[in-house]
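Comments concern the structure below.
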Amino acid sequence: MDRETFDKAKLEEIGFREIAQWQLSGQRLSYCLINPGPESDALCAFPNALYAFTCGQTILYVGKTTKGIRIRFAGYCNPGRNQVTNQKCHEEIKSLLRKNASVSISVFSGNQFLRYDIFEINLAAGLEDSLIKTLRPRWNGKFVSGEFVSETEEIEAEAVLPESIAAANVQSVTGRAEKGFEVKLGKTYYGSGFINTGTTVSDAIGKHGEPMLIRLGSESHPGVESRIDRKANVNGTPRIYGGARVARWFQDNFRLNDTVIGRVLTPNQILLVKKISDVGREDMSIEIALPA
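So this is what it looks like as structure tokens:
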């Protein structure tokens with residue numbers, strides 16, 4: 155497979171899904187979600203996200219972020235003075251839009267939950283390198299020793315805008331009221347890192363099989379990726395599996411039989427904190443080095 159035969163349709167075959175379009179209002183660049191809802195919100199929130207910009211069937215750019223689509227794309231909408239990658243993409247997108255071309259955003263929605271023994275595999279990072287080296291997208295045009303450089307390498311030191319600014323660049327995401335729940339950490343929850351959210355918030359959480367992002371200690375925590383399981387409990391209420399990361403966070407911050415407080419931020423995001431007064435604090439964020 156080479157750059158001549160690999161196009162947007164091939165991206166979709168390997169698990170990419172078009173979720174948004176870039177748009178221009180005067181000089182202001184923003185993007186609009188095609189089908190706003192839980193699944194699109196979750197794809198925008200996952201920390202390890204792989205994405206591509208396309209025009210027609212042509213792949214223009216491939217990138218990856220460890221901060222989530224909304225925060226990463228804030229840099230494209232409002233590039234800083236020293237953010238070379240952001241400035242380049244910003245101008246290239248605007249140039250095409252001024253010619254009435256359509257520039258689409260596709261996000262990898264394939265299986266992100268791969269393991270080798272006890273180790274998690276960052277599939278997005280591996281795919282980014284392989285796609286860029288194979289396809290040599292036009293906007294990934296930086297060379298080092300004859301090789302195309304991935305966005306991860308290229309923008310390692312570039313700053314990103316705050317999440318509050320990032321949210322302003324999305325045109326079709328609707329706000330939702332938050333709901334709370336409590337879970338007593340018995341031996342199974344405490345040791346395995348999963349929780350049952352109960353009936354009180356069941357209607358605020360997404361459908362079975364949809365992605366779930368678990369933020370630990372504060373909303374700025376990058377999150378642990380999971381899935382919603384509505385088949386484990388006979389009454390259909392959600393079970394969320396956090397695995398070793400969440401179990402370790404429980405054990406580092408709670409004692410057995412303590413109560414963890416939860417907030418449903420969106421149907422596909424929950425926040426867990428130690429007690430009500432801790433909501434929004436930064437001091438409980440999990441101290442695990444996430445994959446680059």
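Numbering (my numbering), first residue to last: 155 to 446. Ideal Cβ positions, reconstructed from N, Cα and C, are used throughout, including at glycine.
Original post:
Anyone know if the C-beta pair for G340 and A199 falls short of 8 Å?
Top reply: no
Subject >> K218 classed as buried or exposed, judged by whether at least 16 other C-beta atoms fall within 10 angstroms >> reply: buried
**OP:** Excluding the 5 residues preceding and the 5 following V314 in the sequence, name in chain order all residues of the same chain whose CB lies nearer than 7 Å to its CB.
**Re:** Low confidence applies here, because V314 scores a pLDDT of 44, under 50, leaving its location unreliable; read the following figure in that light. The answer, listed in chain order, is K221, I225, R226, A228 and G229.
Original post:
Helix, strand or coil: how does DSSP classify L339 here?
Top reply: coil
Original post:
Around the Cβ of L410, are there at least 16 other Cβ atoms within 10 angstroms (buried) or fewer (exposed)?
Top reply: Under this definition L410 is an exposed residue.
Original post:
According to the neighbour-count rule (16 or more other Cβ atoms, all chains shown, within 10 Å of its Cβ), is R182 buried or exposed?
Top reply: exposed
Subject >> Opposing strand residues paired with G217 [DSSP bridges] >> reply: Y205
Original post:
Which partner residues does R417 have in the DSSP bridge list?
Top reply: G334 and L425
**OP:** Please report how far the alpha carbon of F348 lies from the alpha carbon of G280, in whole angstroms.
**Re:** 28 Å
**OP:** Would you kindly work out how many angstroms separate the C-alpha atoms of N387 and R393, rounded to a whole number?
**Re:** Roughly 7 Å between the two C-alpha positions.
Original post:
Once you ignore the five residues that flank E364 on each side, which residues in its own chain have a CB closer than 8 Å to its CB?
Top reply: P192, E193, A196, R381, I382, P421 and N422
Subject >> Cβ pair I286, A174 closer than 8 Å >> reply: no
Subject >> CB-CB length for L425 against E373, believed under 8 Å >> reply: 6 Å
Subject >> Three-state class that DSSP yields for I349 in the structure shown >> reply: I349 falls in the strand class under three-state DSSP.
Subject >> D283 and I213 closer than 8 Å at C-beta >> reply: no
Subject >> Nearest-angstrom beta carbon gap, Y205 and A291 [assumed within contact, 8 Å] >> reply: Correcting the residue type first, residue 291 is Pro in the shown sequence and not Ala. With a Cβ gap of about 12 Å, P291 and Y205 do not count as contacting.
**OP:** Tell me whether I168 is buried or exposed, calling it buried when 16 or more other Cβ atoms sit within 10 Å of its Cβ.
**Re:** Classification for I168: exposed.
Subject >> Host alpha helix (DSSP H) of W403 (start-end) >> reply: G397 to N407 is the extent of the alpha helix (DSSP H) around W403.
Subject >> Nearest candidate by alpha-carbon position, reference T354, set S346, F335 and Y344 >> reply: The shortest C-alpha separation from T354 is found at F335.
Original post:
Say the cut is 7 Å; is the CB of F404 nearer than that to a heavy atom of the ligand PLP?
Top reply: In the structure shown, the ligand PLP is absent, as is every other ligand, since no ligand is present at all.
**OP:** Could you check the C-alpha separation between R399 and I275 for me, to the nearest Å?
**Re:** Rounded to whole angstroms, the gap between the alpha carbons of R399 and I275 is 14 Å.
Original post:
Would you say F348 reaches chain C, if we count a Cβ-Cβ gap shorter than 8 Å as a contact?
Top reply: In the structure shown, chain C cannot be found, because there is only a single protein chain.
Subject >> Proximal residues to A321 (C-beta, below 7 Å), its chain only, five neighbours per side dropped >> reply: Low per-residue confidence applies at A321: pLDDT is 48, beneath 50, and the placement is therefore not dependable, though the value from the model is reported in the following sentence. Once the five neighbours on either side are set aside, the close Cβ partners of A321 are R224.
**OP:** Could you check if G371 is buried or exposed, using at least 16 other CB atoms within 10 Å of its CB as the buried criterion?
**Re:** buried
Original post:
Per DSSP, what kind of secondary structure is G329 in: helix, strand or coil?
Top reply: Legend: pLDDT at G329 = 40, less than 50; position of this residue unreliable, value from coordinates given subsequently. Correct three-state label for G329: coil.
Subject >> Pick from P190, Q405, I415 and I188 that is closest to V337, judged by C-alpha positions >> reply: I415
Original post:
Just the Cα atoms here: how many angstroms apart are G352 and G390?
Top reply: 10 Å
Original post:
Mapping DSSP to helix, strand and coil, what is E364?
Top reply: coil
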